[in-house]
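Have a look at the structure below before the remarks.
Numbering (this note's numbering), first residue to last: 229 to 342.
Take a look at the structure:
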């Protein structure tokens, strides 16, 4: 991981930047998770923090297991996972009371080292 950023705007999201050394994805890639569509990735441009170009959405649903995320990222870096250009829509950030906050809190607790 080269860098990360937690966007203060809705929907909630986080970005993780990795350097890719493989021919399938040279340069820097930004992996982004948001509370509406899960994980996606795309190459970073020279300006850095602008909207992703050539965005590809990753499999696994809204809150995939951390090991599953690591495996998918590994496949992206190896060039064997290309994702989908079609944005999934699992929920809206305006869906207050749908239980997502509790699921997200439980997910975070489960992901912490013991």
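From the three backbone atoms N, C-alpha and C, an ideal C-beta is built for every residue, glycine too.
- In the DSSP assignment, residue 337 falls within the unbroken alpha helix (DSSP H) covering 328 to 339.
- A buried status is given to residue 263, since no fewer than 16 other beta-carbon atoms sit within 10 Å of its beta-carbon.
- For residue 257, the secondary structure class from DSSP, reduced to helix, strand or coil, is strand.
- In the DSSP annotation of this structure, the continuous segment of the alpha helix (DSSP H) that includes residue 295 starts and ends at 294 to 306.
- Here the segment 325 to 340 makes no contact with the segment 296 to 308; the two share fewer than three CB pairs at distances below 8 Å.
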